[in-house]
Amino acid sequence: MNEACTPEEHAQVKKWLDLPGSREELDQILLESWEASPDDSEDEAVDRMLDNIHREIRPSHKIRPWKPSAGLLKIAASFILLGLVSLGLFRYSQQEEPVVEETLTVYTKETRVGEKLRIRLPDQTYVVLNANSKIEFDSDYGKAKRMIKVSGEAFFDVASNEKVPFIVDSGELQTTALGTEFNVFSRDGLEKIALTEGKVKVEIEDLPAAETKFLEPGQMATLKENAGEISAASFDPLILTAWKEGRIRFKRSSLKDIVANLQTWYGVEIQVQKSINLNRKVSGEFNNESLENILEGLSFSMGFQFEINENQVSITN
1 MNEACTPEEH AQVKKWLDLP GSREELDQIL LESWEASPDD SEDEAVDRML
51 DNIHREIRPS HKIRPWKPSA GLLKIAASFI LLGLVSLGLF RYSQQEEPVV
101 EETLTVYTKE TRVGEKLRIR LPDQTYVVLN ANSKIEFDSD YGKAKRMIKV
151 SGEAFFDVAS NEKVPFIVDS GELQTTALGT EFNVFSRDGL EKIALTEGKV
201 KVEIEDLPAA ETKFLEPGQM ATLKENAGEI SAASFDPLIL TAWKEGRIRF
251 KRSSLKDIVA NLQTWYGVEI QVQKSINLNR KVSGEFNNES LENILEGLSF
301 SMGFQFEINE NQVSITN
């Protein structure tokens, strides 16, 4: 069959298989050779193959008792074992390849206090990252969707692609856009989505679609922590997005808010004397000015004194 024996040996094996008790002896040889088989279905295959051999080799006339040599017994066993090995290889080849799950790579871009960063994403979307902020996206970005996570503040100039929506996750809010420009703010439980161009959909994760807002240019969606409701109002784009051009604009802003912004933009800690009214409002514009120049202008209009010692600032009466 596989040219492992001569025609004379093949005839002797068939003659021996006709003898009484030869089948049981061959079964025992096969059993010992295949004892490691763990699968019931393989045991059934062995039984079927043995039955086929028994049917194929029909009992002939009586002949003189003869016992084959050990070598011929091995040859007889090889007829069956060759078939069983082929069967095993076939079954192995039919097994499904194990599914290897692809591990996603997460990319992070972040800025420290006092820094700003301009980033171009793989789809040609531009991001301007404000100080003390971070964005994250993974290696699936641009396939079925373009998902970005934001912490801090970032401005997006989104490359248009109607087939692959652009989604910003800023905490509780998700903002979906196709091709547009908008600002995302997410700090201390407060989230703001301000649209400057195009159209976006803003929704609260895990809440009904009734909480969805569609913004037009000049509108800003605001969500306070655990509020469960999005509010929408108009805003001044020149003031809100001035930071990405290096400009600082205040329009009737409280001293409390101004101090918080200066700490983020310039990477300093500002201590304000308790006697100073933090609710006083002021308007002003500064273009790439130093912290000292900004405080000089504010102190003149609000009547306070200040001192800068490296990254520590004190404001007093």
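Residue numbers (full-length UniProt numbering): 1 to 317. Glycine residues also receive a C-beta, built at the ideal position from the N, C-alpha and C atoms.
Between Glu216 and Ile230, the alpha-carbon positions lie close to 15 Å from each other. A distance below 6 Å between beta-carbons, with the five flanking residues on each side excluded, links Val268 to the following residues of its chain, in chain order: Asn311 and Val313. If you look at Lys274, you'll find it isn't in any alpha helix (DSSP H); DSSP assigns it neither H nor E.
According to the DSSP assignment, Asp157 belongs to the beta strand (DSSP E) that extends over Arg146 to Asp157. Put simply, the backbone Cα of Asp169 is about 16 Å away from that of Gly228.
In this structure Ser275 is exposed. Its beta-carbon is surrounded by fewer than 16 other beta-carbon atoms within 10 angstroms. Beta-bridge partners assigned by DSSP to Ala177: Phe166 and Val200.
A direct Cα-Cα distance of roughly 26 Å separates Ala221 from Asp138.
Of all alpha-carbon atoms in Glu197, Lys224 and Leu295, the one lying nearest the alpha-carbon of Gly189 is that of Lys224. Here Val106 is exposed, its C-beta having fewer than 16 other C-beta atoms within 10 Å.
Secondary-structure assignment with DSSP links Met220 through a beta bridge to Ala194 and Ala233. Between Val113 and the set Thr175, Gly284, Thr264 and Leu104, the nearest pair of CA atoms involves Thr264.
Exclusion of the five residues before and after Arg118 leaves Tyr126, Val127, Val128 and Leu129 as the residues of its chain whose Cβ lies within less than 8 Å of its Cβ.
CA-to-CA, the gap between Ser133 and Asn317 works out to about 33 Å. Cα atoms of Val200 and Phe304: separation of roughly 43 Å, rounded to the nearest angstrom. Comparing alpha carbon positions, the residue from Ser253, Gln124 and Leu104 closest to Leu278 is Ser253. For Asn261, the enclosing alpha helix (DSSP H) has its first and last residue at Leu255 to Tyr266.
The beta-bridge partner set that DSSP reports for Tyr126 consists of Arg120 and Asp157. Selection Asn161, Thr241 and Ala131 evaluated against Glu115 yields Ala131 as nearest (Cα-Cα). Counting other Cβ atoms within 10 Å of its Cβ, Arg120 stays below 16 and is therefore classed as exposed. In the DSSP assignment, Leu298 falls within the alpha helix (DSSP H) that extends over Leu291 to Met302. Taking each of Arg187, Gln174 and Val259 in turn and checking the Cα distance to Lys213, the smallest one comes out for Gln174. Following the DSSP letters along the chain, one finds Tyr107 inside the beta strand (DSSP E) bounded by residues Val106 to Glu110. Residue range Gln312 to Thr316 is occupied by the beta strand (DSSP E) that includes Ser314.
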